[in-house]
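Engineer:
2 protein chains.
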Amino acid sequence: MKVLVVGANGQIGRHFVKMLASSDIHTPKAMIRKEEQVSFFNSLGVETVLTSLEGSVEEITEAMKGCDAVVFAAGSGGKTGADKTLLIDLDGAAKTIEAAERTGTERFLMISAINADKRAMWKEDMAHYYVAKHHADNILRASGLVYTIIRPGILTNDSGTGKVLAVEDLDSGEISREDVARVLFNALDNERVFNKTFAVVSGDREIDTALNQL
Amino acid sequence: MKVLVVGANGQIGRHFVKMLASSDIHTPKAMIRKEEQVSFFNSLGVETVLTSLEGSVEEITEAMKGCDAVVFAAGSGGKTGADKTLLIDLDGAAKTIEAAERTGTERFLMISAINADKRAMWKEDMAHYYVAKHHADNILRASGLVYTIIRPGILTNDSGTGKVLAVEDLDSGEISREDVARVLFNALDNERVFNKTFAVVSGDREIDTALNQL
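The listed protein sequences correspond, in order, to chains Y and G. Here the working numbering is used: the first residue of the first sequence is 484, the next is one more, and so on. Here the working numbering is used: the first residue of the second sequence is 484, the next is one more, and so on.
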């Protein structure tokens, strides 16, 4: 599959693009925002497209043409304000979902957040972020796309172990960004996780085993 | 009908509650956030319930019990940040919609904003507000409720004229808060506007005439 990676320059995005680039079965197309981000992907031999999530649905649709799947790994991050959380994490996701519907790109994987469905667990200083993720997930589920919503625990920069715990309902835990990228990679064409939402943290099962038990 | 007015202490909310209180056919229940807001409603002989939109769906469900309709006229306002826009204008609306579904309160009227469906018209400094309104409207439309989404133009504090222009597609205009409240009042049980979304600005038609032409 040719996979549009939205948020390719993020930390999870870069891990994931590398895995796709070294794969025999999938090919990445890195959707990035800034010209200066191109060289990293060029050095991997990866195609890029410069498109902002603050742009129009038409622009995102154009970026998506020719792709078979979309991975939404973008986020405004902790350094910007809640206004960008609304524009990127919520409306950027909504526009990407609309673009996938328009282009008939049926397969859509979303990086969400653990507890995005549990309002009672949202700490006050992060509540706006969870609101954005919660509703982006709901929009994806209500679409006609073949979705997989992955809700990682607290993200770390540790090296991946390739072993996780993946379950539908889980309150807490940590996982490395590299392992999240590997979960994305293995989930891409695994029918067991089509139209499923699950939490994932570091654990003791091989990723494929963990996904197949969902 | 007994009408739960969410955001009853806002400027549109107060106008609307007064209209309901002086009506022979409808009765308001004012949902407000602070104890010090009670006296205004007591002086009108209007029932109040102290419930925050930042609380749980269960709390809003409790506030809604015994009501036949809900009007969502709440907003975090321009003085707070985008984090509150996410929590009140988007998730507060989403929770109120969930509460209406749980209680079987089928009739739901929403105060939205002109151009909430047109991303290309969103000015940068207000874009986060439009994102919240856009998605709150979409959640309401996707619910099973009998909705009316009213999208006023720029709000003024002028006295109401009772005359408006109400059309599905409109880019600009002004309207007084008192006239918006009157549109809400007349729309409550007018089947012509059930499951409709429309813009409203000041104009030259009587409100009932304008609504019946939608």
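For every residue, glycine included, the Cβ atom is placed at its ideal position computed from N, Cα and C.
(1) Please list the partners that alanine 577 of chain G has in chain Y, where partner means a Cβ-to-Cβ separation under 9 Å.
(2) Hey, quick one: how far does the beta strand (DSSP E) through threonine 510 of chain Y stretch, first residue to last?
(3) Taking DSSP as the reference, what is the three-state secondary structure of threonine 568 of chain G?
(4) Closest to isoleucine 597 of chain Y by C-alpha separation, out of Y/Gln520, Y/Tyr613, Y/Met502, would be which residue?
(5) Per DSSP, what kind of secondary structure is isoleucine 597 of chain Y in: helix, strand or coil?
(6) If we cut at 8 Å on Cβ distances, does glycine 564 of chain Y have a partner in chain G?
(7) Below 6 Å CB to CB, which residues in the same chain sit around lysine 480 of chain Y once its five sequence neighbours on both sides are set aside?
(8) Span of the beta strand (DSSP E) holding glutamate 657 of chain G?
(9) Does the beta carbon of leucine 628 of chain Y come closer than 8 Å to any beta carbon on chain G?
(10) Evaluate glutamate 661 of chain Y with the Cβ neighbour count: other Cβ atoms within 10 Å of its Cβ, from every protein chain shown; 16 or more gives buried, anything less gives exposed.
(11) At a CB-CB cut-off below 7 Å, which residues of chain G make contact with aspartate 574 of chain Y?
(12) Cβ atoms of alanine 649 of chain G and leucine 694 of chain G: under 8 Å apart, would you say?
(13) Considering only the alpha carbon of each residue, which of Y/Lys517, Y/Ile594, Y/Arg585, Y/Glu542 lies closest to isoleucine 658 of chain Y?
(14) Can you look up phenylalanine 707 of chain G in the DSSP assignment and give me helix, strand or coil?
(15) Quick one: list the residues of chain G neighbouring arginine 602 of chain Y, beta-carbon separation under 9 Å, in chain order.
(16) Whole-angstrom Cβ separation of arginine 688 of chain Y and valine 663 of chain Y, contact assumed at under 8 Å?
(17) Strictly below 7 Å CB to CB, what residues from chain Y border leucine 667 of chain G?
(18) Spell out the partners DSSP gives glutamate 530 of chain Y in its beta bridges.
(19) For alanine 615 of chain G, which option in Y/Gly587, Y/Ala565, Y/Arg590 has the closest C-alpha, if you only look at C-alpha atoms?
(20) In chain G, which residues lie less than 9 Å from histidine 509 of chain Y when you measure between Cβ atoms?
(21) Indicate whether at least one CB of chain G lies closer than 8 Å to the CB of leucine 570 of chain Y.
(22) Mapping the DSSP letters down to three states, classify threonine 579 of chain Y as helix, strand or coil.
(23) Of all the CB atoms in chain G, is at least one closer than 8 Å to the CB of alanine 610 of chain Y?
(24) Hey, is alanine 625 of chain Y's beta-carbon within less than 8 Å of any beta-carbon in chain G?
(25) Give the DSSP-derived three-state secondary structure of alanine 556 of chain G in the structure shown.
(26) Would you identify the three-state DSSP class for glutamate 541 of chain Y, choosing helix, strand or coil?
(27) When burial is assigned at 16 or more other CB atoms within 10 Å of the CB, is asparagine 640 of chain Y buried or exposed?
(28) DSSP three-state label for leucine 573 of chain Y, please.
(29) Looking only at DSSP bridge pairs, what is histidine 612 of chain G linked to?
(30) Could you give the DSSP three-state label for threonine 563 of chain Y: helix, strand or coil?
(31) Around the C-beta of arginine 675 of chain Y, are 16 or more other C-beta atoms found within 10 angstroms, so that it is buried, or is it exposed?
(32) Quick check on DSSP: helix, strand or coil for threonine 588 of chain G?
Structural biologist: Once the coordinates are examined:
(1) Going along chain Y in sequence order, the residues near alanine 577 of chain G (Cβ under 9 Å) are Val614, His617, His618, Asn621.
(2) Annotation for threonine 510 of chain Y: the continuous beta strand (DSSP E) segment containing it runs 510-515.
(3) The DSSP-derived three-state label of threonine 568 of chain G is helix.
(4) The residue with the shortest Cα to Cα distance from isoleucine 597 of chain Y is Y/Tyr613.
(5) It is coil, neither helix nor strand.
(6) Glycine 564 of chain Y counts as touching chain G.
(7) The structure shown does not extend to residue 480 of chain Y, since chain Y is modelled only from 484 to 697, so the question has no answer here.
(8) From DSSP, the beta strand (DSSP E) with glutamate 657 of chain G extends over 657-659.
(9) No, leucine 628 of chain Y does not count as interfacial toward chain G.
(10) Under this definition glutamate 661 of chain Y is a buried residue.
(11) Those within 7 Å of aspartate 574 of chain Y in chain G are Val614.
(12) Yes, Cβ-Cβ distance for leucine 694 of chain G and alanine 649 of chain G is below 8 Å.
(13) Nearest C-alpha to isoleucine 658 of chain Y: Y/Ile594.
(14) Here chain G covers residues 484 to 697 and nothing more, so residue 707 of chain G does not appear.
(15) Contact note: arginine 602 of chain Y reaches chain G through Ser539, Val540, Asp574, Lys578, using a C-beta cutoff of 9 Å and chain order.
(16) 15 Å between Cβ atoms; not a contact.
(17) Going along chain Y, no residue has its Cβ under 7 Å from leucine 667 of chain G, so there is no contact; the nearest lies around 25 Å.
(18) Beta-bridge analysis with DSSP links glutamate 530 of chain Y to Y/Lys512.
(19) Closest by C-alpha distance to alanine 615 of chain G, out of Y/Gly587, Y/Ala565, Y/Arg590, is Y/Ala565.
(20) Within 9 Å Cβ-Cβ: nothing; histidine 509 of chain Y doesn't reach chain G, min ~31 Å.
(21) So yes, leucine 570 of chain Y belongs to the interface.
(22) Helix.
(23) Alanine 610 of chain Y counts as touching chain G.
(24) Yes, contact with chain G.
(25) Note: alanine 556 of chain G maps to coil in three-state DSSP.
(26) In this structure, DSSP gives glutamate 541 of chain Y a helical state, which the three-state scheme calls helix.
(27) Counting other Cβ atoms within 10 Å of its Cβ, asparagine 640 of chain Y stays below 16 and is therefore classed as exposed.
(28) Annotated three-state conformation of leucine 573 of chain Y is helix, per DSSP.
(29) The amino acid occupying residue 612 of chain G in the given sequence is tyrosine; histidine does not appear at that position. Checking the DSSP bridge columns, you'll see tyrosine 612 of chain G has no partner listed.
(30) Under the three-state reduction of DSSP output, threonine 563 of chain Y falls in the coil class, being neither helix nor strand.
(31) Arginine 675 of chain Y should be labelled exposed.
(32) The answer is coil: DSSP assigns threonine 588 of chain G none of H, G, I, E or B.
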